[in-house]
Every structure is written in C-alpha cells, then in structure tokens.
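Asker:
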Amino acid sequence: MSEVLCAENITQRFGGLDALKNVTMHVNEGEIIGVIGPNGAGKTTLFNCITGMYCPTEGKVSMLGTDITGWKPYEITAHGFARTFQNIRLFPKMTVLDNVMVGMHVQTKLSAREWFLPGKAKIAMDTAIGRAEELLKLFGLYENRFEMATSLPYGDQRKVEIVRALAIQPKLLLLDEPAAGMNGAETEELGKLVHDLRNMGNTILLIEHDMRFVMNICDRLYVLNDGALIADGTPEEIRTNPIVIEAYLGKDE
Amino acid sequence: MIEKLSTWLVRYKRTLLIITALLAVLFPWIFSSKYVLRIAILCLMYCMLCVSLNLMAGVLGQISFGHAAFWGIGAYTAAILSKNYGWNGIAALLMAAVIAGLFGLLLSLPVMHLKGYYFTIVTMVFCQIIRVIEINWMSLTNGPLGIMAIPKLSFFGVTLKSQRAYFYVILFLLAAATFIVRKIIHSRMGYAILAIRDDELAAGAMGIHVFKYKVYAIVISSMLAGAAGCFYSLYTSYIDPSCFTNAISNNILVMVIFGGLGNIFGSFFGATVLTILPEVLRGFSEYRQLVYGALLVVLMLVRPDGLFGSVNFKYIEQRLAWKKEKAGGDGHE
Numbered sequence: 034m035s036e037v038l039c040a041e042n043i044t045q046r047f048g049g050l051d052a053l054k055n056v057t058m059h060v061n062e063g064e065i066i067g068v069i070g071p072n073g074a075g076k077t078t079l080f081n082c083i084t085g086m087y088c089p090t091e092g093k094v095s096m097l098g099t100d101i102t103g104w105k106p107y108e109i110t111a112h113g114f115a116r117t118f119q120n121i122r123l124f125p126k127m128t129v130l131d132n133v134m135v136g137m138h139v140q141t142k143l144s145a146r147e148w149f150l151p152g153k154a155k156i157a158m159d160t161a162i163g164r165a166e167e168l169l170k171l172f173g174l175y176e177n178r179f180e181m182a183t184s185l186p187y188g189d190q191r192k193v194e195i196v197r198a199l200a201i202q203p204k205l206l207l208l209d210e211p212a213a214g215m216n217g218a219e220t221e222e223l224g225k226l227v228h229d230l231r232n233m234g235n236t237i238l239l240i241e242h243d244m245r246f247v248m249n250i251c252d253r254l255y256v257l258n259d260g261a262l263i264a265d266g267t268p269e270e271i272r273t274n275p276i277v278i279e280a281y282l283g284k285d286e
Numbered sequence: 274m275i276e277k278l279s280t281w282l283v284r285y286k287r288t289l290l291i292i293t294a295l296l297a298v299l300f301p302w303i304f305s306s307k308y309v310l311r312i313a314i315l316c317l318m319y320c321m322l323c324v325s326l327n328l329m330a331g332v333l334g335q336i337s338f339g340h341a342a343f344w345g346i347g348a349y350t351a352a353i354l355s356k357n358y359g360w361n362g363i364a365a366l367l368m369a370a371v372i373a374g375l376f377g378l379l380l381s382l383p384v385m386h387l388k389g390y391y392f393t394i395v396t397m398v399f400c401q402i403i404r405v406i407e408i409n410w411m412s413l414t415n416g417p418l419g420i421m422a423i424p425k426l427s428f429f430g431v432t433l434k435s436q437r438a439y440f441y442v443i444l445f446l447l448a449a450a451t452f453i454v455r456k457i458i459h460s461r462m463g464y465a466i467l468a469i470r471d472d473e474l475a476a477g478a479m480g481i482h483v484f485k486y487k488v489y490a491i492v493i494s495s496m497l498a499g500a501a502g503c504f505y506s507l508y509t510s511y512i513d514p515s516c517f518t519n520a521i522s523n524n525i526l527v528m529v530i531f532g533g534l535g536n537i538f539g540s541f542f543g544a545t546v547l548t549i550l551p552e553v554l555r556g557f558s559e560y561r562q563l564v565y566g567a568l569l570v571v572l573m574l575v576r577p578d579g580l581f582g583s584v585n586f587k588y589i590e591q592r593l594a595w596k597k598e599k600a601g602g603d604g605h606e
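The listed protein sequences derive, respectively, from chains A and B.
Mapping to the numbering used here: the first sequence position 22 is 55, numbers consecutive.
Mapping to the numbering used here: the second sequence position 139 is 412, numbers consecutive.
#1: I want to verify the contact list: residues of chain B whose CB lies under 9 Å from the CB of Gly-136 (chain A), in sequence order.
#2: Less than 8 Å separating the beta-carbons of Leu-550 (chain B) and Tyr-565 (chain B)?
#3: For the alpha helix (DSSP H) holding Glu-241 (chain A), just list the boundary residues, first then last.
#4: Pull out every residue of the segment 371-385 of chain B whose Cβ sits closer than 9 Å to any Cβ of chain A, in chain order.
#5: Would you say Val-483 (chain B) lies against chain A (beta-carbon separation less than 8 Å)?
#6: With 7 Å as the limit, tell me which residues of the segment 138-158 of chain A have their beta carbon closer than that to any beta carbon of chain B; keep them in chain order.
#7: Within its chain, find whatever has a CB closer than 6 Å to the CB of Met-528 (chain B); leave out the 5 residues flanking it on each side and keep chain order.
#8: Can you find a CB in chain A that lies within less than 8 Å of the CB of Ala-600 (chain B)?
#9: Counting pairs of beta carbons, one from the segment 82-92 of chain A and one from the segment 452-468 of chain B, are three or more of them closer than 8 Å?
#10: Just verifying my parser: in three-state terms, what is the DSSP assignment at Lys-93 (chain A)?
#11: Cβ atoms of Leu-426 (chain B) and Leu-418 (chain B): under 8 Å apart, would you say?
#12: Could you tell me if Tyr-358 (chain B) is buried or exposed, where buried requires 16 or more neighbouring beta carbons within 10 angstroms of its beta carbon?
#13: Which residues in chain B have a C-beta closer than 8 Å to the C-beta of Ile-201 (chain A)? List them in chain order.
#14: Assess, as a yes-or-no matter, whether the segment 336-344 of chain B is touched by the segment 408-415 of chain B under the definition of 3 or more beta carbon pairs within less than 8 Å.
#15: Look at the alpha carbon of Ile-491 (chain B) and the alpha carbon of Gly-217 (chain A), and state the distance between them as a whole number of angstroms.
#16: Quick one: which chain E residues come within Cβ less than 7 Å of Ala-111 (chain A)?
#17: Taking Glu-41 (chain A) and Gly-113 (chain A) to be in contact with their CB atoms under 8 Å, please state how far apart those CB atoms are, rounded to whole angstroms.
#18: Using the C-alpha atoms, what's the distance from Met-158 (chain A) back to Leu-199 (chain A)?
#19: Ends of the alpha helix (DSSP H) at Arg-116 (chain A)?
#20: Distance cutoff 8 Å, beta carbons only. Does Leu-474 (chain B) sit that close to anything in chain A?
#21: Can you name the residues of chain A whose CB is closer than 7 Å to the CB of Tyr-588 (chain B)?
#22: Using the beta-carbon of each residue, which ones in chain A are nearer than 7 Å to Ser-460 (chain B)?
#23: Output the boundary residues of the beta strand (DSSP E) element that contains Gln-202 (chain A).
#24: What is the residue span of the alpha helix (DSSP H) that Gln-436 (chain B) lies within?
#25: Can you give the Cα-Cα distance for Cys-39 (chain A) and Ala-450 (chain B), rounded to whole angstroms?
#26: Does the separation of the CB atoms of Leu-97 (chain A) and Val-37 (chain A) fall below 8 Å?
#27: Please tell me whether Tyr-592 (chain B) has its Cβ less than 8 Å away from any Cβ of chain A.
#28: In the DSSP assignment, the beta strand (DSSP E) including Thr-393 (chain B) goes from what residue to what residue?
#29: Considering just the uninterrupted stretch of the beta strand (DSSP E) at Thr-236 (chain A), what are its terminal residues?
#30: Please report how far the alpha carbon of Glu-590 (chain B) lies from the alpha carbon of His-242 (chain A), in whole angstroms.
#31: Let me know the secondary structure DSSP gives Ile-573 (chain B) once reduced to three states.
#32: Given a cut-off of 8 Å, decide if Arg-287 (chain B) and Leu-593 (chain B) are closer than it, judged by their beta-carbon atoms.
#33: Below 8 Å, how does it come out for the segment 503-515 of chain B and the segment 144-159 of chain A: are there three or more Cβ pairs, yes or no?
#34: Report the three-state DSSP secondary structure of Asp-259 (chain A) (helix, strand or coil).
#35: If you reduce the DSSP assignment to three classes, tell me which class Arg-253 (chain B) lands in.
#36: Could I get the ranges of all uninterrupted alpha helix (DSSP H) runs contained in the segment 126-154 of chain A, with 4 residues as the minimum, in chain order?
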C-alpha cells in the first residue's frame, strides 16, 4: 500500500501562537482516517496546511511521494487532494448541478492539442455533465439538481459539497466535519455513504466531533490536543487510551 | 412579474430571437430618418459596451467604474492608426482590441489582489489617468483638440458613408461580442469565472487558478470595449478626451446594473432603455434629468438587483426541459 498523504513534523505558527506543533501523520491508499480533538486543537489548521490554504512554518507535506509543501491550493487540488469546508462553502448563485460542474474543472482540462480540435470542449463538458449526474444520483440528489444549492436543507448541502469534491476525482478526499449539524439518522446515512465511497476506491481523511460516527467508520485515528499529536491508533486503542480520555474529560481525582 | 416574463421569454426563445433578428436587419429600411438611425447605432454600441462590461462586473463580479477608459483607448488607437498610418478598418479594429486588452492586462496584474471597493476605486482612477494622458500627450493624441477627420470605414476600397452601413457594421460587431461572451459563460472558463465571483477561496479549492481566470475575464472584457471604441471613432470621425470621461463609465455601469448584473439580456435591455429614454424625455426639457434620476431610484428600490439580475435564463430553460421530460416520462408509464 502506498502512502497517499504523508505529513512530517508540521509546525504552524501564527505570531506567538503555535497552532500545530510537530505533527506527523500519514494516510495509506484505501483507508478512512479520522482526526479528532477538542475545539481549538488545530484540526482545521492541519487541513489547511495539507491543502495549501496555509504554508506550514516548518515540516513537509507530500502526496504519493511528491513534495507539495508551499504549493498553491489550486495546484494541490489539480494534483489530487479535494476538500470540503467546515462551514459549507457552496457557490450560492449556482444550481446543485453547476456546483458539481465547477468541481469538474480539473477533469475537463484539455491538452494543448485538443484545444484546436473542434468539438472537443463540448464533448468534455457533456461527459462531465453525465458524470456529475451519476454522482448526484449516487447521493440521492439527482431530482434536486436544478435547484439553487443554498436552498437545500442543511444535510443535503453537505452532501453536495462532498459530491463537488468527488467530482475532482481526488486521490484523497478531505472532509472537514461532514456530520456537523446533522441529526442522528442523517449522520448514520452519511456513515454508510462514506463507507461506500471507500469501497469504490476512495481514500478519506476526515475531521469529526461525533465520536460514535468516527469510532464506527475509521480505520485509524489521530488525536490532536492543543496543536500537538497526543495519540494515534485504531478506534479501539484510542477509546481506552488514558491520555486521550484525560484530554477530553480532564484528569481524574 | 419579471419571473413570469423571463419564463415566457425562455419558452418562446427561438421565435423571439428570429423576430428580433428580422426587425434588427430591417430596421434601417423601416426608419430612414438620420436622427433615429444615429440613436439606434449609439444604442447598439452601448449594448456592446454593456455586454463587455457585464463580463467583468456581472460575471466576474469586479465592479468597474473605468470601462470608458478601454473604450477610449480603442478609439484613439483606431483613430491614430487609420489617420496617421492609413490602416484599414479591420486591421485597426483588431489592433484597437489588442491595445485595449494590453491595458486591461496592465491594469489587472497589480490589482488582482484587490477586491470589491478597492478594485472599483482603482478602475475609477485608471479612467482618470487615461483621460489625463489623452489630454496631455499632444504629439500623439492632439490633446484637448481631439482628432478630427478620421477616415471613414472602408472595405476593399468601398468607403462606408451612409448611416445604414454603419448600422449593419455595429449590428455585426454586437452580435459577435454577444456570441463571444455567451460562449465564454457557458464554457469551462465560464464556470470558473462564476465560481470565482461566488467564492474565491472555494474556487481555488476546486483547482481553479483564480488569478489566471480573473486576468482572462478582464482582458477579454477590455478587448471588446476597445473594439467598440474603434467603431466609435471611425463612425463619428472625431474624438476628443471629453468623450471618454468617468461620467461615461458611470453611464455604462448604470446600464449594466439597471438590466441586471450577470445577465446578457439585461445588458441589452438596460443599454436600450437608458439610451432611448433621454431622447424620449426630451419633451420634459429641463426636467429630463430629474425624471431620468427618479426612474432609476424607483427601479433600485423595487428591484435592487436590477431588472433581470436575479434571473438566470439557463436555469429557467433547464427546469422547463426537466419538467417536460418528467411529464413525458409519466405519460408513457
């Protein structure tokens, strides 16, 4: 198994604040990895470092062996990482289908030679629309594809964001709190979907607060607290790890 | 009401397009008065300017108060090339577009990281700078006196003199500009530019090179304005710096906003109404500006997005087709 993502000794400083301290982690192909931790632990900062929104102060991020530290977000996306956002960021003036079509941007790129072949661009776009509709069907959003994205219920908006990220055909899908704001039934359904996505060959890294959700679907977990990695391992190991319990619940006595 | 009207427009799109095209082609034969034709020609030219500004202001979402600068650059380029160097109309047109595009590029590079109001202020100042250059670079632009006796357009030795001929030239240019902008909006680049307008950060996360597409949009927009400028100088055969002031920029922007940002049909509508209205209101003589202003205020109160700003014809069309398909499918079962 190859390492899709490898982050080594990531440190991110904002002025005097160390948002991340020496975090090292990796994701293998086909895994579902969770990043958990209390509020302000640096989970989203870690995501931002991986996807190029921030350039880490120290450390190295690599994708399938390529060093991508300091790359721009669009370069990293074009190379194979796709993300969703904690506070949903759909394009508000577009329909569901068009939101997904924006995600097809990388896939519809024409080579220099194809540029001069008549009709190529149209074929590429039509194929992309077909693929977008397939993806929407998979998530049960096909009927809603001509509605404005932001008019959908909250849970569906999250799903659209995931579909949009999948449209990129990423090597690694990064989900920032996909279950946030969902009720029990919706969360369960999302868990199944994430599982299906893995079975279709996707690799997933996710941040989540919902412990049951994480424990059920993740192969391995990384626990962040105060910017530092305090534990990693299988859900079973994490559940019984005294350091983790202390970070979440405080010290006994 | 506008929603209903828009649905109706979409439903009978083909018929309406054919009728409009026919009317446009026959127009100079129906109305032969020089005055009416002149207004019609200016109206079409403003349509072209609005369509081009719409690409920058509506589609990309960077409001510009400096569009007249590109228009002016195109006009001066064409005037100088055809008067001093004897270039023919088509070559001058292409060069005017290229030079205006070049200035668009020069403007866009340093201000790319500015957003919203800050970008707007820079475009305002840009327009002012270009005007100051036009006034003061005597050897090139003849300063405030302007350039006179610009040779009329000629194709293959035939010089166009009649209003009718110019009407058809601008009609063709407008059709071409509309075709280009429409093609862009519905292409991969269009999706990228619209995504940038809606959320720059998310667009970047989708693999879109934000900087590159912003520059593309601004350069194409300014090129089209430059082409319109070329037409203007060859048509009127006299230009001076007072033609290309901030006030004109504002007018073009008002037309675009009146019709609705991001909507090509809206741009046509805005340009047409706001060019014809002042002429129609001549009867009010000194109260003309007052009526004009009051109308704008009322519109902005009733529809702050402009008339067609919240309307997306593509989406209406898709929904209609989907409804039809669904109804048809149920019928078969």
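Even for Gly, the Cβ is constructed at its ideal location relative to N, Cα and C.
Since this is a predicted model, take the numbers as computed values, not measurements.
Answerer: Taking the geometry as given:
#1: Met-479 and Gly-480
#2: Yes.
#3: Counting along the chain, Glu-241 (chain A) falls outside any alpha helix (DSSP H), and DSSP gives it neither H nor E.
#4: none
#5: yes
#6: His-138, Val-139, Thr-141, Ala-154 and Met-158
#7: Cys-323, Gly-543, Ala-544 and Leu-547
#8: By this cut-off, Ala-600 (chain B) is not an interface position.
#9: Contact between the segment 82-92 of chain A and the segment 452-468 of chain B is absent, because fewer than three Cβ pairs lie under 8 Å.
#10: Lys-93 (chain A): strand per DSSP, three-state reduction.
#11: no
#12: exposed
#13: Met-479 and Gly-480
#14: no
#15: Note on geometry: alpha-carbon atoms of Ile-491 (chain B) and Gly-217 (chain A) lie some 48 Å from one another.
#16: The structure shown contains no chain E; its protein chains are A and B.
#17: Rounded to whole angstroms, the Cβ separation of Glu-41 (chain A) and Gly-113 (chain A) is 18 Å, and the two are not in contact under 8 Å.
#18: 16 Å
#19: It is not in any alpha helix (DSSP H) - Arg-116 (chain A) instead sits in the beta strand (DSSP E) that spans 114-116.
#20: Yes, because at least one Cβ of chain A sits closer than 8 Å to the Cβ of Leu-474 (chain B).
#21: Thr-128 and Phe-179
#22: Ala-154
#23: DSSP places Gln-202 (chain A) in no beta strand (DSSP E); its state is neither H nor E.
#24: 436-458
#25: 49 Å
#26: In this structure, Val-37 (chain A) lies closer than 8 Å to Leu-97 (chain A) by Cβ.
#27: One point to set straight first is that residue 592 (chain B) is Arg, not Tyr, in the sequence displayed. Yes, Arg-592 (chain B) lies at the interface with chain A (some Cβ there is under 8 Å from its Cβ).
#28: Unbroken run through Thr-393 (chain B) is the alpha helix (DSSP H), 390-409; no beta strand (DSSP E).
#29: Careful: Thr-236 (chain A) lies outside any beta strand (DSSP E) and carries neither H nor E.
#30: 42 Å
#31: Checking the displayed sequence, the identity of residue 573 (chain B) turns out to be Met instead of Ile. Met-573 (chain B) falls in the helix class under three-state DSSP.
#32: Against a cut-off of 8 Å, the Cβ pair of Arg-287 (chain B) and Leu-593 (chain B) comes out as no contact.
#33: no
#34: Asp-259 (chain A) sits in coil when the DSSP states are folded into three classes, being neither helix nor strand.
#35: Missing from the structure shown is residue 253 (chain B); chain B here goes from 274 to 606 and no further.
#36: 129-136
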